[in-house]
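Peer 1:
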Amino acid sequence: MTLPPPAQGPAPGPSTAPVPRIALRGGGTVPQIGAGTYKIPPERTRDIVRDALDVGYRHVDTAEMYGNEREVGEAVRASGLDRADVFVTSKLDNPYLEPDDARAAFERTLADLDLGYVDLFLVHWPLPTVSDYVARWRVLEEAYASGRAKAIGVSNFTVRHLERLLAEADVPPAVNQIEVQPYLVQDELRSFHARHGIVTEAWSPLARGQVLDDPVVVQVAASHGRTPAQVVVRWHLQRGDVVIPKASSRDRLAENADVLDFTLGEHEMAAITGLDAGRRTGTADPETFTGGH
Ligand SMILES: NC(=O)c1ccc[n+]([C@@H]2O[C@H](COP(=O)([O-])OP(=O)(O)OC[C@H]3O[C@@H](n4cnc5c(N)ncnc54)[C@H](OP(=O)(O)O)[C@@H]3O)[C@@H](O)[C@H]2O)c1
10 MTLPPPAQGP
20 APGPSTAPVP
30 RIALRGGGTV
40 PQIGAGTYKI
50 PPERTRDIVR
60 DALDVGYRHV
70 DTAEMYGNER
80 EVGEAVRASG
90 LDRADVFVTS
100 KLDNPYLEPD
110 DARAAFERTL
120 ADLDLGYVDL
130 FLVHWPLPTV
140 SDYVARWRVL
150 EEAYASGRAK
160 AIGVSNFTVR
170 HLERLLAEAD
180 VPPAVNQIEV
190 QPYLVQDELR
200 SFHARHGIVT
210 EAWSPLARGQ
220 VLDDPVVVQV
230 AASHGRTPAQ
240 VVVRWHLQRG
250 DVVIPKASSR
260 DRLAENADVL
270 DFTLGEHEMA
280 AITGLDAGRR
290 TGTADPETFT
300 GGH
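One rule links them: number in our numbering = place in the sequence shown (from 1) + 9.
1) If you draw a straight line from the C-alpha of residue 79 to the C-alpha of residue 276, how long is it?
2) Beta carbon of residue 268, beta carbon of residue 284: below 9 Å?
3) Here's the rule I'm using: 16 or more other beta-carbon atoms within 10 Å means buried, otherwise exposed. How should residue 46 be labelled?
4) Opposite residue 214 in the DSSP bridges: which residues?
5) So, for residue 156: in the same chain, excluding its five sequence neighbours on each side, which residues have a beta-carbon less than 8 Å away from its beta-carbon?
6) Could you check the C-alpha separation between residue 172 and residue 146 for me, to the nearest Å?
7) I want to check one thing, is the minimum distance from the CB of residue 188 to the heavy atoms of ligand 3 below 8 Å?
8) Using a Cβ-Cβ cut-off of 9 Å, state whether residue 107 counts as contacting chain C.
9) From residue 198 to residue 182, what distance separates their C-alpha atoms?
10) Check residue 68 in the structure and name its three-state DSSP category.
11) The beta strand (DSSP E) spanning residue 96 covers which residue range?
12) Note down the Cα distance separating residue 73 from residue 115, rounded to an integer number of angstroms.
13) Where does residue 130 fall in DSSP's three states?
14) Measuring CB atoms only, is the stretch 221–228 touching the stretch 200–211, in the sense that at least three cross pairs come out at less than 8 Å?
15) Using the three-state DSSP reduction, which class does residue 178 fall into: helix, strand or coil?
16) Among 94, 131, 97, 95, whose alpha-carbon lies nearest the alpha-carbon of residue 111?
17) Within the continuous beta strand (DSSP E) that includes residue 162, where are the two ends?
18) Buried or exposed for residue 70, going by 16 or more other Cβ atoms inside 10 Å?
19) Whole-angstrom Cβ separation of residue 103 and residue 135, contact assumed at under 8 Å?
20) Select from 192, 60, 263, 100 the residue whose C-alpha is nearest the C-alpha of residue 121.
21) Are residue 263 and residue 89 close, meaning C-beta to C-beta below 9 Å?
22) My output table needs one value for residue 188: the three-state DSSP class, helix, strand or coil.
23) On the three-state DSSP scale, how would you describe residue 31?
24) Taking only heavy atoms of ligand 1 into account, decide whether any of them is closer than 8 Å to the Cβ of residue 264.
25) In the DSSP output, what is residue 49 paired with across the bridge?
26) Starting from residue 108, follow the alpha helix (DSSP H) in both directions and report where the run begins and ends.
27) Is the closest heavy atom of ligand 1 to the C-beta of residue 193 under 8 Å?
28) Could you tell me whether the Cβ atoms of residue 160 and residue 291 are closer together than 9 Å?
29) With C-beta atoms as the reference, is residue 214 less than 9 Å away from residue 254?
30) Is residue 183 helix, strand or coil when you go by DSSP?
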């Protein structure tokens, strides 16, 4: 397809602009670009998170499920950065359906990270067929009330799950972390979030690399002299979502965050959004996923 010429902008080059931050319900802000750590083995995590912080990331996304919380915490502590300057997210893993087990899991996350508190703690999956996600949410509300989770949210919740949670919760979720990428643009769920003050965080934002050789993305990238990954990260930013691409090398980490000095035009944004095919990269369906139970 042929796209209109790109919007004019400054020449490409390393950006010195700060990463925008998005306000979270209940206070605080989250940097709009974070470093994902799923499938980064613990023995590589310290170096990769050190590189991420070194090239300018101030937001790291981990989870008990990823098996690398301890190493994420070590890298943050070793960075010399002020604790308040790094935003760390972790998640309640699927085995812990009972409140006491969920409480113990939160304590374990805090101990493994060893950062004093976690900036954002999420229910990793709703598991609606095997658990009462509102009962698990109550444990996150306790964590928030204690000040040891500065913000709380959910992940992989659908509109149906959010409606029930919003009706029953004392503290509404600040965030829903869901799969969003050009083949799964999630606009219905994203507008529900917008109407209810919930920030959308995009996981697998690059569709695990699958979208990087899409002809539309490649063409937009070429017309800006940028890489496909940069164009996709930029598309997420301009949609207003938080984006947490995962990369395993310092060069790719830097590349994915070097997106603040160009702008996609309206037609380019629409062309990328038009790639939507309702196609998940992840295999689990939030309505039916049981988390192994
Ligand atoms: N809440 C949830 O249920 C959930 C589920 C999935 C993911 N997440 C979070 O979201 C993060 C991101 O998702 P993801 O890891 O699934 O997928 P992703 O970020 O969409 O894609 C990661 C893949 O893209 C490659 N890549 C990264 N930058 C690249 C570049 N500049 N050029 C070419 N290839 C590049 C990576 O390769 P290399 O690693 O080899 O560099 C890796 O194979 C996760 O790490 C995790 O923190 C959350």
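Even glycine gets a Cβ: it sits at the ideal position worked out from N, Cα and C.
Peer 2: Reading off the structure:
1) In the sequence shown, counting from the first residue as 1, residue 79 sits at position 70. In the sequence shown, counting from the first residue as 1, residue 276 sits at position 267. C-alpha separation (whole angstroms): 44 Å.
2) Counting from 1 along the sequence shown, the entry for residue 268 is found at position 259. Counting from 1 along the sequence shown, the entry for residue 284 is found at position 275. Their beta carbons are not under 9 Å apart, which means residue 268 does not touch residue 284 by this criterion.
3) Taking the sequence shown and counting its residues from 1, one reaches residue 46 at position 37. Flag for residue 46 reads buried.
4) The residue labelled residue 214 in the question sits at position 205 within the sequence shown. Its beta-bridge partners do not exist; DSSP assigns none.
5) Within the sequence shown, residue 156 is the residue found at index 147, counting from 1. Only 126 meet the Cβ criterion.
6) In the sequence shown, residue 172 corresponds to position 163, counting from 1. In the sequence shown, residue 146 corresponds to position 137, counting from 1. Spanning the two alpha carbons is a distance of roughly 14 Å.
7) As far as ligands go, the structure on display features ligand 1 and does not contain ligand 3.
8) As a matter of chain content, chain C is missing from the structure shown, which is built from one protein chain.
9) For this step, residue 198 is matched to residue 189 along the sequence shown. For this step, residue 182 is matched to residue 173 along the sequence shown. About 14 Å.
10) Position 59 of the sequence shown, counting from 1, holds the residue named residue 68. Looking at residue 68 - three-state DSSP - the assignment turns out to be strand.
11) What you label residue 96 is simply residue 87 of the sequence shown in a count that begins at 1. Looking at the DSSP string, the run of the beta strand (DSSP E) that includes residue 96 is 96–101.
12) Here residue 73 corresponds to residue number 64 of the sequence shown, with the count starting at 1. Here residue 115 corresponds to residue number 106 of the sequence shown, with the count starting at 1. Approximately 9 Å between the Cα atoms of the pair.
13) Residue mapping note: residue 130 aligns to position 121 of the sequence shown, counting from 1. Of the three classes helix, strand and coil, the one that applies to residue 130 here is strand, per DSSP.
14) no
15) The residue given as residue 178 occupies position 169 in the sequence shown. Of the three classes helix, strand and coil, the one that applies to residue 178 here is coil, per DSSP.
16) The residue labelled residue 111 in the question sits at position 102 within the sequence shown. Ranking the options by Cα distance to residue 111, first place goes to 131.
17) On the sequence shown, position 153 is the one that residue 162 refers to. Note, residue 162: beta strand (DSSP E), 161–164.
18) Counting from 1 along the sequence shown, the entry for residue 70 is found at position 61. That one is buried.
19) Within the sequence shown, numbered from 1, the residue matching residue 103 stands at position 94. Within the sequence shown, numbered from 1, the residue matching residue 135 stands at position 126. So it is not a contact: roughly 10 Å between Cβ atoms.
20) Here residue 121 corresponds to residue number 112 of the sequence shown, with the count starting at 1. Answer by Cα proximity: 100.
21) Residue mapping note: residue 263 aligns to position 254 of the sequence shown, counting from 1. Residue mapping note: residue 89 aligns to position 80 of the sequence shown, counting from 1. Taking 9 Å as the Cβ cut-off, residue 263 and residue 89 do not qualify as a contacting pair.
22) Here residue 188 refers to the residue found at position 179 when the sequence shown is read from its first residue. Residue state, collapsed to three classes: strand.
23) Taking the first residue of the sequence shown as position 1, residue 31 is located at position 22. It is a strand residue.
24) In the sequence shown, residue 264 corresponds to position 255, counting from 1. Yes, since a heavy atom of ligand 1 falls inside the 8 Å radius drawn around the Cβ of residue 264.
25) Reading the sequence shown from its first residue, position 40 is the one you call residue 49. Residue 49 pairs with nothing; no bridge assigned.
26) The count along the sequence shown starts at 1 and reaches residue 108 at position 99. It spans 108–122 - the alpha helix (DSSP H) in which residue 108 sits, taken as one unbroken run.
27) As a first step, residue 193 is located in the sequence shown; it is residue number 184 there, counting from the start. Not so, every heavy atom of ligand 1 lies at least 8 Å from the Cβ.
28) Start at 1 with the first residue of the sequence shown, and residue 160 comes out as number 151. Start at 1 with the first residue of the sequence shown, and residue 291 comes out as number 282. Cβ distance not < 9 Å, so residue 160 and residue 291 don't count as in contact.
29) In the sequence shown, the residue the question calls residue 214 occupies position 205. In the sequence shown, the residue the question calls residue 254 occupies position 245. Going by C-beta atoms, residue 214 is nearer than 9 Å to residue 254.
30) As a position in the sequence shown, residue 183 is number 174, starting the count at 1. In the structure shown, residue 183 sits in coil (DSSP, three-state: anything other than H, G, I, E or B).
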